[in-house]
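What follows is a short report on a single structure.
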Amino acid sequence: MGLTLSWLSVIILIPLAGLFLKSLELSPEQFWNILTSRRTLNALRVSFGLAFAAACVNLVMGSIIVWALVRYRFPGRRLFDAIVDVPFALPTAVAGVALTALFAEKGWLGAPLAAAGIKVAFTPVGIFVAMIFIGIPFVVRTVQPVLQDLDPEIEEAAGSLGASRWQTIIRVILPSLAPALLTGLALAFARAVGEYGSVIFIAGNLPNVSEIAPLLIVIRLSEFRYADATSIAVVMLVVSFVIIFAVNRLQRWAQSRIPAR
Amino acid sequence: MTIEVRNLVKKFGSFAALDGVDLKVNDGELLALLGPSGSGKTTLLRIIAGLDWPDAGEVSFNGEDALAQGARERHVGFVFQHYALFRHMSVFENVAFGLRVQPRAVRKDEVAIRARVKELLDLVQLDWLADRYPSQLSGGQRQRIALARALAIEPRILLLDEPFGALDAKVRKELRKWLRSLHHEINVTSIFVTHDQEEALEVANRVVVMDKGRIEQIGSPADVYDNPATAFVHGFIGESIVLPVEIDNGAVRLGDRLLNLMADGIAPGTSKLFVRRHDMLVRPSGSGAFEGAVQHVRNFGPVQRAEVALWGGETIEIDAPRDKELRAGDTIGLEPRRYRIFAGA
Amino acid sequence: MTMQIADSVSLSAPDARARAHAAAARDNLRTEPRAVRIVIIALAVLFLSVFVVLPLVVVFAQAFSKGILAYFAALAEPEALAAIKLTLLVAAISVGLNLVFGLVAAWAIAKFEFPGKTFLITLIDLPFSVSPVISGLVFVLLFGAQGYFGSWLRDHDIQILFAVPGIALATTFVTFPFVARALIPLMQEQGTQEEEAAISLGASGLQTFFRVTLPNIKWGVLYGVLLCNARAMGEFGAVSVVSGHIRGETNTMPLLVEILYNEYQFVAAFAIASLLAMLALITLIAKTVLERHLDEGHDASDH
Numbered sequence: 002m003g004l005t006l007s008w009l010s011v012i013i014l015i016p017l018a019g020l021f022l023k024s025l026e027l028s029p030e031q032f033w034n035i036l037t038s039r040r041t042l043n044a045l046r047v048s049f050g051l052a053f054a055a056a057c058v059n060l061v062m063g064s065i066i067v068w069a070l071v072r073y074r075f076p077g078r079r080l081f082d083a084i085v086d087v088p089f090a091l092p093t094a095v096a097g098v099a100l101t102a103l104f105a106e107k108g109w110l111g112a113p114l115a116a117a118g119i120k121v122a123f124t125p126v127g128i129f130v131a132m133i134f135i136g137i138p139f140v141v142r143t144v145q146p147v148l149q150d151l152d153p154e155i156e157e158a159a160g161s162l163g164a165s166r167w168q169t170i171i172r173v174i175l176p177s178l179a180p181a182l183l184t185g186l187a188l189a190f191a192r193a194v195g196e197y198g199s200v201i202f203i204a205g206n207l208p209n210v211s212e213i214a215p216l217l218i219v220i221r222l223s224e225f226r227y228a229d230a231t232s233i234a235v236v237m238l239v240v241s242f243v244i245i246f247a248v249n250r251l252q253r254w255a256q257s258r259i260p261a262r
Numbered sequence: 007m008t009i010e011v012r013n014l015v016k017k018f019g020s021f022a023a024l025d026g027v028d029l030k031v032n033d034g035e036l037l038a039l040l041g042p043s044g045s046g047k048t049t050l051l052r053i054i055a056g057l058d059w060p061d062a063g064e065v066s067f068n069g070e071d072a073l074a075q076g077a078r079e080r081h082v083g084f085v086f087q088h089y090a091l092f093r094h095m096s097v098f099e100n101v102a103f104g105l106r107v108q109p110r111a112v113r114k115d116e117v118a119i120r121a122r123v124k125e126l127l128d129l130v131q132l133d134w135l136a137d138r139y140p141s142q143l144s145g146g147q148r149q150r151i152a153l154a155r156a157l158a159i160e161p162r163i164l165l166l167d168e169p170f171g172a173l174d175a176k177v178r179k180e181l182r183k184w185l186r187s188l189h190h191e192i193n194v195t196s197i198f199v200t201h202d203q204e205e206a207l208e209v210a211n212r213v214v215v216m217d218k219g220r221i222e223q224i225g226s227p228a229d230v231y232d233n234p235a236t237a238f239v240h241g242f243i244g245e246s247i248v249l250p251v252e253i254d255n256g257a258v259r260l261g262d263r264l265l266n267l268m269a270d271g272i273a274p275g276t277s278k279l280f281v282r283r284h285d286m287l288v289r290p291s292g293s294g295a296f297e298g299a300v301q302h303v304r305n306f307g308p309v310q311r312a313e314v315a316l317w318g319g320e321t322i323e324i325d326a327p328r329d330k331e332l333r334a335g336d337t338i339g340l341e342p343r344r345y346r347i348f349a350g351a
Numbered sequence: 128m129t130m131q132i133a134d135s136v137s138l139s140a141p142d143a144r145a146r147a148h149a150a151a152a153r154d155n156l157r158t159e160p161r162a163v164r165i166v167i168i169a170l171a172v173l174f175l176s177v178f179v180v181l182p183l184v185v186v187f188a189q190a191f192s193k194g195i196l197a198y199f200a201a202l203a204e205p206e207a208l209a210a211i212k213l214t215l216l217v218a219a220i221s222v223g224l225n226l227v228f229g230l231v232a233a234w235a236i237a238k239f240e241f242p243g244k245t246f247l248i249t250l251i252d253l254p255f256s257v258s259p260v261i262s263g264l265v266f267v268l269l270f271g272a273q274g275y276f277g278s279w280l281r282d283h284d285i286q287i288l289f290a291v292p293g294i295a296l297a298t299t300f301v302t303f304p305f306v307a308r309a310l311i312p313l314m315q316e317q318g319t320q321e322e323e324a325a326i327s328l329g330a331s332g333l334q335t336f337f338r339v340t341l342p343n344i345k346w347g348v349l350y351g352v353l354l355c356n357a358r359a360m361g362e363f364g365a366v367s368v369v370s371g372h373i374r375g376e377t378n379t380m381p382l383l384v385e386i387l388y389n390e391y392q393f394v395a396a397f398a399i400a401s402l403l404a405m406l407a408l409i410t411l412i413a414k415t416v417l418e419r420h421l422d423e424g425h426d427a428s429d430h
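Residue numbers (this note's numbering), protein chains in the order written: chain C, 2 to 262; chain A, 7 to 351; chain L, 128 to 430.
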């Protein structure tokens, strides 16, 4: 037990503490000025804003995918089920170059989109696309087991009480899935906010427009502006810590609602 | 509401869950479907509710074709074995569900819904639990909430699938009495499924005994207990002594011993003789249809249970009154007060 | 028999009617109209095809766009070989370390109750949700020239940053949760009874671990190692920050993909990328197989 805590602190806590210590070397004023500088604010806005939008898309599309995989039988179902994990397993740099090649102006999808007047690669839309890519498995894999284990009798009960299929889905099934859906949303969001590899290739990385916060950290580091890098990192770290803590709480709460049979 | 089921057939693959079932349920009746697991009783209940569909046959309510309607339109209250309460809703919202999902045109207003739910919670005596969640209730409480929820839509028929199956013995007994009196109060045509004969005989007005997708007997509790129509019913309900006998021209033989019993109208060949344990009366040795040696006596409780090795083979257990003490080693005669012989092995 | 005798209704008419009803109303309690089903399946398949399958296909299409010879020539470059070697080395180190760490962490969390458990689980999950760039940054802050241990390291002539130790450390940090996460639910489910039985029979703590605990979780261990390895080989952000990008020395495969891509050597970049993509595919297949084993073990412990 003591051993666990001590090496956990060595491998996780000490590095993180280092980060916070570093940020404490700054006066609150300096810290504030760094964070409210135009370029930092824009980078944070791009990262958090697009990550949230992408997570919402993942919530909707992930639900549809889960529904199709769990409830319907169609040719290739098992293959598509396995494919869901690809964004999780594919190294981010590979995903980055692949998405860029796909959505570049001469790419398979980029060309028809460009003809329609939509530029994806090297714009914020590209960031959005990459964030959607990496977030899919999080929603699907958190919701899937819950939907699979959902008691079929509650749907029959709702139906025999006169509820239409739509009412059953909205009033009975969705609320039962809500904790898992929220968890999936939070995980996809947390991942997208911090994502680096799959985004930087397709982003264009134009300061204030398509520059994500992790990239700004890297840029500040290469300029040896450690204080700037640290300040941005602390903000992002606190946000992810809050998200993950909330998710764990949510999971425990959802478990406590399951009636013991 | 009367229910009529005609020639119902339902197959799952090559397994016939229902194999030609005919049944008429009278208005206001409390009917039990009794049978071992796999006998088709739950399938029959689910088809009446509209949760399953037959491969052939008819179901009608008051003479109207019920199969033309889906479960939603049938107005049937269904209570599931594991309650199927909505766990994200409070007890109140669970009961109110059926009222809230009604089409806007006929939906009650909020005040009327609250009044109706309150009334139902009073009926099942759980109004003090309205704000709790299902996970905070005991099994018996969940069962009663599930019943209140089913009653909220003012069902024409109430169907209960193993209503007490998941409860412990003490709660089961309490709920049995309660269900009987509740049925008396609301007087809705009700069918419940059970594999527990005591439950069926104690609660229902009429009992339907099922086996292997067929109805073996329909009758009052006294009827199915005292006059079992088939070997299965005799073996399934109550505790029976079963003896393999040979029938030959009206004579009954156990092994090489000729029994002084009547077998009118039973075809010659191997048959089964059924006697209730308490119907096997002890007689002095030499009198009575059977003769045997007492092997072992368990002498406590309301009766003494004796293991008797009969002349002609077979060892049986009988229940005898405790006024005449039996002892291991005694040779006794036995006379069945009542017995049935069913042809076939 | 008191049973009603079925009067001789002709069978075909009600049969046909029953079937017609069934077609109309059957199943509608637990499923949707056919049109809705088709739309949902089409949406799911289309979305996955565009966002997941196509990028994967693009990698191989680009890698082989100049023919098979160009592909293998790109892989045979000394720079590529050095990157492959370094990637394997780093993966071996971090998987080894996390195997030990993960086992201990999962054991402590699964078998003991203590205050702050949620916090500890959160801590273990943190590398999953922290930006990989931040993971790299913390090591720069610790071991960099201006970092807390920077001057001490320089005095003792120890190179961590921009060298293999830094890359291995950052990778270990990032891949830390995999083994522990795979084992915690498994060990929680198995409880402590078997271990207690072993100890009551006189086994020592270590004997209990190797003879009772470990055999029970071996598939879970393998599962964690598999995912840990995949991430270790593919890690980009954290490694990018600490590696220094010294060609032929501190470039792992993902870093080399970036460099080659930025130099417009697309065939070479995608050739390396295709190796990593294959690693991902093999990992997924192995994962599917392992999940089947884990499910079986789960069933066996249930009955």
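Note that CB positions come from ideal geometry on N, CA and C, so glycine has one too.
{"Asked": "Contact belief for S232 of chain C with I35 of chain C at Cβ below 8 Å, rounded distance in angstroms", "Found": "4 Å"}
{"Asked": "Length of the line joining the Cα atoms of D128 of chain A and L135 of chain A", "Found": "10 Å"}
{"Asked": "DSSP beta-bridge partners of I326 of chain L", "Found": "For I326 of chain L, which the question treats as bridged, DSSP gives no partner whatsoever."}
{"Asked": "The segment 71–90 of chain C touching the segment 138–152 of chain C, judged by at least three CB pairs closer than 8 Å", "Found": "yes"}
{"Asked": "Chain C within 8 Å of Q310 of chain A, Cβ atoms only", "Found": "no"}
{"Asked": "Whole-Å CB distance - F49 of chain C paired with V194 of chain C, under 8 Å assumed", "Found": "6 Å"}
{"Asked": "Residue closest to P215 of chain C, alpha-carbon to alpha-carbon, out of C:I174, C:L100, C:I128, C:A181", "Found": "C:I128"}
{"Asked": "Where Q149 of chain A falls, given that 16 or more other Cβ within 10 Å makes a residue buried", "Found": "buried"}
{"Asked": "DSSP three-state assignment for F191 of chain L, whether helix, strand or coil", "Found": "coil"}
{"Asked": "Cβ pair R374 of chain L, E206 of chain L closer than 8 Å", "Found": "yes"}
{"Asked": "Beta-carbon proximity check, V251 of chain A vs L260 of chain A, cutoff 8 Å", "Found": "yes"}
{"Asked": "Neighbour flag for A151 of chain L against chain C, beta carbons, 8 Å", "Found": "With a pLDDT of only 49 at A151 of chain L, under 50, the local geometry of the prediction cannot be trusted, and the value read off the model is given with reservation. No - not a single Cβ of chain C is within 8 Å of the one on A151 of chain L."}
{"Asked": "Beta-carbon proximity of V194 of chain A to E222 of chain A, cut-off 8 Å", "Found": "no"}
{"Asked": "E125 of chain A: first and last residue of the uninterrupted alpha helix (DSSP H) it sits in", "Found": "116–129"}
{"Asked": "K16 of chain A versus S226 of chain A: straight-line alpha-carbon distance, rounded", "Found": "27 Å"}
{"Asked": "Range covered by the alpha helix (DSSP H) that runs through I218 of chain C", "Found": "214–223"}
{"Asked": "Burial state of A56 of chain C (16 or more Cβ within 10 Å)", "Found": "buried"}
{"Asked": "Reference P353 of chain L; option with closest CA among L:Q273, L:I287, L:G364, L:F305", "Found": "Note on identity: in this sequence residue 353 of chain L is Leu, with Pro being the wrong assignment. Of the listed residues, the one whose Cα sits closest to L353 of chain L is L:F305."}
{"Asked": "Residues of its chain near D262 of chain A, where Cβ-Cβ distance is below 8 Å and the 5 sequence neighbours each way are ignored", "Found": "G318"}
{"Asked": "Close-in-space but distant-in-sequence residues of the same chain around A464 of chain L (CB under 6 Å, 5 per side omitted)", "Found": "This structure cannot speak to residue 464 of chain L, because chain L is shown only from 128 to 430."}
{"Asked": "Neighbour-count burial assignment, W33 of chain C, 16 or more Cβ in a 10 Å radius", "Found": "exposed"}
{"Asked": "Cβ neighbours of E156 of chain C in the same chain (closer than 6 Å, five flanking residues each side left out)", "Found": "T169"}
{"Asked": "Same chain, Cβ closer than 6 Å to P146 of chain C, five either side skipped, listed in chain order", "Found": "none"}
{"Asked": "Buried versus exposed call for Y89 of chain A [16 or more other C-beta atoms within 10 Å across all chains shown]", "Found": "buried"}
{"Asked": "Sequence ranges, beta strand (DSSP E) only - wholly within the segment 181–233 of chain A, length at least 3", "Found": "195–200, 212–217, 220–225"}
{"Asked": "Residues that E156 of chain C contacts on chain L, provided the C-beta gap is smaller than 8 Å", "Found": "L156, R157"}
{"Asked": "Pairwise C-alpha distance: V199 of chain A and T48 of chain A", "Found": "6 Å"}
{"Asked": "The segment 68–78 of chain A touching the segment 151–160 of chain A, judged by at least three CB pairs closer than 8 Å", "Found": "no"}
{"Asked": "Where G104 of chain A meets chain C, residues with beta-carbon distance less than 7 Å", "Found": "L162, G163"}
{"Asked": "Straight-line Cα distance separating L387 of chain L from F393 of chain L", "Found": "7 Å"}
{"Asked": "L279 of chain A to A102 of chain A span [Cα, whole Å]", "Found": "54 Å"}
{"Asked": "Where A151 of chain L sits in the DSSP three-state scheme", "Found": "Only weak support exists for where A151 of chain L lies, its pLDDT of 49 falling under 50; the value from the coordinates is given anyway. A151 of chain L falls in the helix class under three-state DSSP."}
{"Asked": "C-alpha distance - L249 of chain A paired with V281 of chain A, whole-angstrom precision", "Found": "9 Å"}
{"Asked": "For L51 of chain A and L165 of chain A, believed in contact at Cβ under 8 Å, the rounded distance", "Found": "5 Å"}
{"Asked": "Collapsed DSSP secondary structure at M286 of chain A in the structure displayed", "Found": "strand"}
{"Asked": "Residue of A:D285, A:I324, A:R328 minimising C-alpha distance to F306 of chain A", "Found": "A:R328"}
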